[in-house]
Each structure stands twice: as C-alpha cells, then as structure tokens.
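Asker:
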Amino acid sequence: MLRPSTTIPPREHGPLWRDPRVRAFVLQAVMLLVAVVLVILLTNNTLSNLAAQGVTTGFNYLSQRSGFGISQTLVEYSANSTYADAFTVGLLNTLLVAGLSIVTCTLLGLLVGMARLSSNWLLSRCATVYIEIFRNIPMLLQLLFWSALMMSVLPEFKKSYSLWGVAFLNKKGLVLPWVEFSSSTWPLWLALALGLVAMLVMRNINQYRVRRGKDGWPVRWLTLALIVLPPLVTFFCSSIHASLSLPKLTAFSSRGGIHLIPELVVLWLTLTLYAAAFVAEAVRSGLASVPNGQREAATSLCLPGGLTMRKIVLPQAMRVIIPQLASQYLNVIKNSSLGIAIGYPDLFAVYGITTLNQTGQALEIMATTMAVYLALSLLVSLLMNLINARMALKER
Amino acid sequence: MTRTIENSVTDTHIVRDDPIAPRPAPAAETGVGKWLRTRLFSSPINSVITLVLLYLVVRSVWAVFSWAFLNASWLGDSSAACTSGGACWPFVTSRIGQLVYGFYPEVERWRVAVAFVIWLLSVVWILVPRMPKRLLVLPFALIGMPIINLILLRGGVFGLESVLTRQWGGLMLTLTVATIGMLFAIPLGVLLALGRQSKMPLVHGFCVVFIELWRGIPMITVLFTASTIFPLFMPHGSAEGDKLLRALIGIVMFWSAYFAEVVRAGLQAVPNGQVEAGKALCLGYWKRNALIVLPQALKLVIPGLVSTAIQLFKDTSLVTIIGLFDFLGVIKAGLTDSAWMGYAAEGYAFAALIYWIFCFSMSRYSLWLERRVDTGRR
Chain A
1 MLRPSTTIPP
11 REHGPLWRDP
21 RVRAFVLQAV
31 MLLVAVVLVI
41 LLTNNTLSNL
51 AAQGVTTGFN
61 YLSQRSGFGI
71 SQTLVEYSAN
81 STYADAFTVG
91 LLNTLLVAGL
101 SIVTCTLLGL
111 LVGMARLSSN
121 WLLSRCATVY
131 IEIFRNIPML
141 LQLLFWSALM
151 MSVLPEFKKS
161 YSLWGVAFLN
171 KKGLVLPWVE
181 FSSSTWPLWL
191 ALALGLVAML
201 VMRNINQYRV
211 RRGKDGWPVR
221 WLTLALIVLP
231 PLVTFFCSSI
241 HASLSLPKLT
251 AFSSRGGIHL
261 IPELVVLWLT
271 LTLYAAAFVA
281 EAVRSGLASV
291 PNGQREAATS
301 LCLPGGLTMR
311 KIVLPQAMRV
321 IIPQLASQYL
331 NVIKNSSLGI
341 AIGYPDLFAV
351 YGITTLNQTG
361 QALEIMATTM
371 AVYLALSLLV
381 SLLMNLINAR
391 MALKER
Chain B
1 MTRTIENSVT
11 DTHIVRDDPI
21 APRPAPAAET
31 GVGKWLRTRL
41 FSSPINSVIT
51 LVLLYLVVRS
61 VWAVFSWAFL
71 NASWLGDSSA
81 ACTSGGACWP
91 FVTSRIGQLV
101 YGFYPEVERW
111 RVAVAFVIWL
121 LSVVWILVPR
131 MPKRLLVLPF
141 ALIGMPIINL
151 ILLRGGVFGL
161 ESVLTRQWGG
171 LMLTLTVATI
181 GMLFAIPLGV
191 LLALGRQSKM
201 PLVHGFCVVF
211 IELWRGIPMI
221 TVLFTASTIF
231 PLFMPHGSAE
241 GDKLLRALIG
251 IVMFWSAYFA
261 EVVRAGLQAV
271 PNGQVEAGKA
281 LCLGYWKRNA
291 LIVLPQALKL
301 VIPGLVSTAI
311 QLFKDTSLVT
321 IIGLFDFLGV
331 IKAGLTDSAW
341 MGYAAEGYAF
351 AALIYWIFCF
361 SMSRYSLWLE
371 RRVDTGRR
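Note that the protein sequences, when read in sequence, are chains A and B. Just so we're aligned: 291 in full-length UniProt numbering is position 291 of the first sequence, and the numbers increase by one with no gaps anywhere. Just so we're aligned: 32 in full-length UniProt numbering is position 32 of the second sequence, and the numbers increase by one with no gaps anywhere.
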C-alpha cells in the first residue's frame, strides 16, 4: 500500500572529496598551477642560461648574410643571401622531395597492393615479400644502404650511364632532359589557376542543373578542356618560347637539361620504396574490406570487371584507404628530414642545423623548424580530411 | 548391389540401393596441373607476368645467394681475408663483440649478458600464454626487471663498477632504448587517450594539444632538441645530465602521442553500454576503465599497438644521428674505419637482417595474438 510520505528525508551528501564536480575542479586547478609554475621555471632557467652564454633572443639573424652555399637551390641563392633565404631554400627542398615521393609512393603502392591481391600466385608472393622486407627495416638504414650502394656502383662522371643519349646517371647525380622557357612563366600558372577555378564553378553549375532535372553537360570533357586549354592558349598567344633542353656531357660538367643531385635521388628512392610498402598494405586492406557480396552483385548485374572496380569496389575501399594514406603522407613529410644523414639540404639540415650552428639562436630556430613541420602536417591532414569527407558514406 | 524387382507382369526395373562411389576428378582439375593453370598461367598476360617474374626472382635470388654464401669469406680479422669476391663477413664476425656490446668495458660484459637473459626470460614469460603464473610475473617484468637491469648495466652500487651510458652501445643500446621507450610510452599513451576522452575541459585540451603537437613534428627534431636544447631549460650551472636519458625522454614523449591515438581508437570502439554497466555496478572511474573498458579497448587495437611498437623499434636507429652508438651507429662507425673501407653492403645487410628479424617476429606475434584473443565480438 502506498501512502504519501510526510517528510522528505534530506539527500545524503558524501564527503566533499567524493563529489565528482569538486574533484574535477581541484584536479584541473592543480594541473593549471603545475603548468604555470613549470613554464615560469623553464623560462627563468632558459633566460638565465642564455644570458650566461651571451646570446640575445629574437629573429634579427634572419636578415643577416648566411655565408654558406647550398648544393640544391630551387630559387636564387648564394652565400651572400640571408638566413631567411636559406630558410626558403630548405623549405622548398623539403617540399620538393616530399612532393615527388608522395606521388611516386602512391603509384608504386597502388601497384604492389593490387599485385598482392592478384590471382597470380607468384605475383602476390613477390608483392608480399616486397612489403615485408621494406616495412620491417628502419628507413634510416635503407637510406644509408642505398646511398652507399649508389656511391660504389655508379660510375665516375666520365663513364656515365647513358639512356639513349638523353639522360645520364653518374656519381654526381642524374641529368634529365627539361623544358626551358624563354621568359618568366607566371602567365601560364595564372591561366592554369583561372582554369581550375572555372572548372570548379562549371561543376557546381552542372550539379545544380542536374538536380533541377535538366540535362547535364559533358563534365569530363569540359573539365579536361578547362584545365588544358587556358595554359595552352596563353602559351601560344604570348611571347614565351619553350625549348626542349637536352643535356650534353662535356669533360667535367653537363650542360642543359636538369641536374638532380645524388642526395635527392637517393632520398626520393628510399622514401618511395619505404612508404610504398605501407601504401600497399593500406590498399590491400581497403580492397579486402569490401564485402565479396558487392562484387557478386555487380557481376550479377552484368557489369564488366573494370566498371565493377571503378564504380563499386574502389569507392567503398577508398573510405578505408584514405585515412591510412593520409597518415603515410604525413610520415613521408616527417621522414624527409632523415635526409640529414646523407646530406640532403632540406629544411632541417639547412635551417635547423647549419643556420643554428652559425647563429647559435637554438631556441628560435628549433621552434620555427618544428612549427613549419607542424603547419605542413596540419595542412596535409586538412586536405586529406576534405577528400575523406567527400568520399565518406553519405547516409540519408 | 542390384536386384531385380518383378513389379508387374511385364515391367522390369533395375534399382540400385547403394550410392555409386564418386569418380576421381578429371586429371586437369586436380593437383599441380590445376594449380599451375589457375594460379600461374590463367591467361596470356598472367603467363607473361609469371615467366618474367620467375626469371627475375631466380636471377636475383641466385645473385644474393652466391654473394652472401657461395663466394663469401667468413673468418679472418682484417679485410685481407676477403679475396673470394663475394661478401666479406669478417667485417661482421671480427667485430661481433662491439656490435652487441658497443664500447662496454670488456671485463664487465657478463653484466650485459645476465641482463639480457633476465630481459629475455621476462619477455618470453609474459608473451607466451602457456607459461604459468603470468599475472605474478607481470609486475616483475614491468617494474622489477627494468630496475634490476638498470642496476646491472649502470653499476655504481653493490660493488659493481660504474659504467657510463656513454659507453653503452650496439644491439644492447638498441634493445634498451626500445624496451624503456615501450615501457613508459604505452602507459603514458593510455593515460593521454583517457584524458582525451575526459569531459574536463582543461584535461581534454591539454591532451589534445600534447598529442597533436608531438604527432606533427619529425622524430629527428625531437631527438635533436633533446640532445642540444634541453640543457638550456635546466637550472643554470646544473650538470648537463645524461645524453641517453634526454634522448629517452624525447622518445617516450614522442611515441606516447602515437600510442595514445591507437588506444583512443580502441576506446571509441567499446560500446557505451559497457561504461554504463560499470557505473551501474558502482565502479569508480579508474576501476571502470581498468577492469571493463581498457581490456576490451586494448584487445581491439592489438595490431595498431604492435605496429606502433615496431615503428618505435625501427626509429630507435635515429639516435645514431645525435651521436649515440646504437646498433646502426656502431656499424656506421665501423665503416669509417680506414681498414674496412668499402664494406658498407656487408655491414648494412647484417644490420638489416637483425632489425628485420625483430620487427617481423613482432608483427607475426601480433597476428597470432589477435587470432587468439578474438572472442568474436567486433
């Protein structure tokens, strides 16, 4: 039988220290206090240490003359340039080797990953062996190995390996044919950028039309035209001349073409081979994650093999592949700093080591170096997140 | 057996009441022939691929085999012993002591050996499920073993001669760095992952910033900072401290961020009902996580944990760049010896083999463990 209670007993509170809110507050207050004390202590220590060493803090060194040369410069640079220029050169070199390696490791990884799933026993075994070897050996060791091998196997300059007389490989690096322009090429890049913008606008309008029930445009052809035509038209309308520059070997140097220093070649090769093993695993796991029923359903709809792959399997596999691919790209950028071991002049080597040794501004330089790598990483993860969001399952 | 049944006047039926024994499959559909036809020569393109690959594999395997074994020189104590044209293994065999112990004083090397045996015993005991009393050994392996080994290796107490960490090196240093790295980075990573899930804004914020900062920078900048800039942060005039210790702190911080992200994936995969069930049982935060959430979360992310551990093991080789002589560093130093110029291939091949054995066995172990602990609930 229920009867109304006449007195509501007061809720019992436990001791104060059992209250989760109190505990959370105290914990965070203590954390904050410790952090503040630690920061003050470290700053104090650092300042007194710097004062003892006679080092003045600040970024004034950036405008001073650097006084050292760099073996690979993508922009104008000499020993008379400033440390800020050296920073730019290093950053561009890092971006160059990372960009090249990202492209090649993706291609190689795709190939190996698909080979691993091939019905051909020998092919899939070879892919497995490749992956297991390159994944399980430190990249630094691979880098040193390829570097040593290159130096011992490649011929001297005079006995360069020649590839049909247009490309040469020797101890001084790789010489390739290159296109040379008579004047600055910025109009071409501008045209390309405008074309890309126009393409994005075109795609959006087309989507809008399709949604309204009107006929879509031939998007694929229009995309191709908008990317290729603007630079081409600009090129033929302007006074820029392009000429193919074939390298020629003279007694001690090569003229024409483009010269890749051996450090770049070795670092590029190692990053590619190393990262491709991981990319291949990502591709394999992505393809394997698509249930077989999907393929069977496609087969029962009489879709041909290529179309099944493109329209059914890959879009689903991509959801598994892209996050892993993103973290591999981040690794490539970070691992490119290992070039220091073979003397590749990247950001870390030029700015983080040489500049640091010359100026002694350890704190500023290490902080900016780390900040640049951090910014690069955040940029790449942002890009890959955007791509991932487009690929993700759209549940309605 | 057949029998004839007279079922009417004229009809005669033959009825078989035992099954016909299956005939063997046609020769083309079984055995090696079928395997060859479907797995190697299923189409013209596949046949070409198979033949080309076969040629390449045979050639390269033969080249490596004859270089490493057939034409190799094995013993000797200088490069003069290498006349056969193949691999010059004396580069490795003559300095095996240095490769394993680094510059550890020769009379004290038994301490490293004893420490290694203790390490190996506790690792094997923990990793092999068939061993008895694993729960009792676990605290020893996590706390006792490192302390005993540290005392053994460093010395300075119990009448053991003090050996500076500057003299540590070789495989011993690599294993020490990897073990200490994992021992501290994994628990720290678990704490960070839990902190990232926390509802307290300061704790959550601190963990997010910590994890993302460390994951965004290359390990080599961390090591370099630890070795050259870290002393700046310390009180003025205090001793520089130990280079190895500073590198270790950097390694632990760096990898704890990676482990934290792996563990976070596992925590997110544990259904919320499990946490709620824990709350309903009046379990506090730590008990809930230690007894209910973490066992399930960690089990789910075994592959990720092991592959991060493998990365850590491989990346211990980076301490070479800041001037510590780990396994790779000792080999690299050996190559600059003027008596042994030009034997880089042998040195690096040997190093690659050792690293590969460690990493490959770790990855195989994780595959095996994953199957073993799989309770089928995913």
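Using N, Cα and C, we set each Cβ at its ideal position, and we do this for glycine too. This one's a predicted model, so the numbers in the text were calculated from it and none came from an experiment.
1) Are Phe181(A) and Ala225(A) closer than 8 Å when you measure CB to CB?
2) Give the list of continuous alpha helix (DSSP H) stretches no shorter than 4 residues that lie fully inside the segment 210-257 of chain A.
3) Contact criterion: CB-CB distance below 8 Å. Does Met150(A) meet it with respect to chain B?
4) Hey, quick one: how far does the beta strand (DSSP E) through Glu180(A) stretch, first residue to last?
5) State the Cα-Cα distance for the pair Leu267(A) and Tyr344(A), rounded to the nearest angstrom.
6) For the candidate residues Pro138(A), Asn385(A), Leu110(A) and Val350(A), whose alpha-carbon lies nearest to that of residue 398(A)?
7) Compare the Cα-Cα distances from Thr73(A) to each of Val320(A), Tyr373(A), Ile258(A) and Leu325(A) and report the closest residue.
8) To which residues does DSSP link Asn170(A) through a beta bridge?
9) How many angstroms separate the CA atom of Val222(B) from the CA atom of Thr308(A)?
10) Quick one: list the residues of chain B neighbouring Ala341(A), beta-carbon separation under 7 Å, in chain order.
11) Which residues of chain B have a Cβ atom closer than 9 Å to the Cβ of Met366(A), listed in chain order?
12) Identify every run of the alpha helix (DSSP H) within the segment 81-124 of chain A, keeping only runs that are complete inside it and at least 4 residues long; order them along the chain.
13) DSSP puts Cys88(B) in a beta bridge; with which residues?
14) Pull up the DSSP beta-bridge partners for Tyr208(A), would you.
15) Can you grab the Cα-Cα spacing for the pair Pro315(A) / Met391(A), in whole Å?
16) Short of 7 Å in beta carbon distance, which residues of its chain neighbour Met151(A), apart from the five on each side in sequence? Order them along the chain.
17) What does the alpha-carbon distance come out to for the pair Lys311(A) and Leu222(A)?
18) What first and last residue would you give for the beta strand (DSSP E) that runs through Tyr101(B)?
19) If you reduce the DSSP assignment to three classes, tell me which class Leu260(A) lands in.
20) In the DSSP assignment, find the alpha helix (DSSP H) that holds Tyr355(B) and state where it starts and stops.
21) Tell me which residues of the segment 123-155 of chain B have at least one Cβ-Cβ distance to chain A shorter than 8 Å, keeping chain order.
22) In chain A, what lies closer than 8 Å to Ser317(B) by C-beta?
23) Near Ile131(A), what residues of its chain come up, given a Cβ to Cβ distance below 8 Å and the 5 sequence neighbours on each side ignored?
24) For Phe145(A), would you say it is in contact with chain B, using Cβ-to-Cβ distances shorter than 8 Å as the test?
25) Alpha carbon to alpha carbon, what distance is there between Ala226(B) and Leu50(A)?
26) Cα separation between Met1(B) and Trp35(B)?
27) Ends of the alpha helix (DSSP H) at Leu74(A)?
28) Taking DSSP as the reference, what is the three-state secondary structure of Leu154(A)?
29) Three-state secondary structure (DSSP) at Ser162(A)?
30) For the segment 12-21 of chain B against the segment 246-265 of chain B, are there 3 or more C-beta pairs whose distance is under 8 Å?
31) State the Cα-Cα distance for the pair Leu324(B) and Val275(B), rounded to the nearest angstrom.
32) Could you give the DSSP three-state label for Arg59(B): helix, strand or coil?
33) Please name the residue, chosen from Pro139(B), Arg109(B), Val112(B) and Arg196(B), that lies closest to Ser122(B) on a Cα-to-Cα basis.
34) Name, please, each residue of chain A whose Cβ falls closer than 8 Å to the Cβ of Pro235(B).
35) Based on DSSP bridge pairs, tell me the residues matched to Gly170(B).
36) Would you say Ser42(B) lies against chain A (beta-carbon separation less than 8 Å)?
Answerer: Reading off the structure:
1) Not a contact, by the Cβ cut-off of 8 Å.
2) 219-237
3) Using a CB distance cut-off of 8 Å, Met150(A) does not count as an interface residue toward chain B.
4) Trp178 to Phe181
5) 8 Å
6) With chain A covering 1 to 396 only, the question about residue 398(A) has no answer from this structure.
7) Ile258(A)
8) Answer is Gly173(A).
9) 46 Å
10) Ile321
11) Thr221, Phe224, Thr225, Thr228 and Ile229
12) Every alpha helix (DSSP H) stretch that sits fully inside the segment 81-124 of chain A and reaches 4 residues is listed by chain position as 83-116.
13) Ser73(B)
14) Tyr208(A) pairs with nothing; no bridge assigned.
15) 7 Å
16) Lys171
17) 21 Å
18) Where Tyr101(B) is concerned, there is no enclosing beta strand (DSSP E), although the alpha helix (DSSP H) it sits in stretches over Ile96 to Tyr101.
19) In the structure shown, the three-state DSSP call for Leu260(A) is strand.
20) Unbroken alpha helix (DSSP H) run through Tyr355(B): Ala344 to Val373.
21) Listed by position, the residues of the segment 123-155 of chain B near chain A (Cβ gap below 8 Å) amount to none.
22) Pro138, Leu140 and Leu141
23) Val112, Arg116, Ala277, Ala280 and Glu281
24) yes
25) Computed Cα separation, rounded: 17 Å.
26) Residue confidence is low: Met1(B) scores 47 on pLDDT, short of 50, so the model does not pin down where it sits. Its coordinate-derived value is still stated next. If you take the alpha carbons of Met1(B) and Trp35(B), they lie about 37 Å apart.
27) From DSSP, Leu74(A) is part of no alpha helix (DSSP H); its letter is neither H nor E.
28) coil
29) strand
30) no
31) 46 Å
32) helix
33) Pro139(B)
34) Asn45
35) Asp326(B)
36) yes
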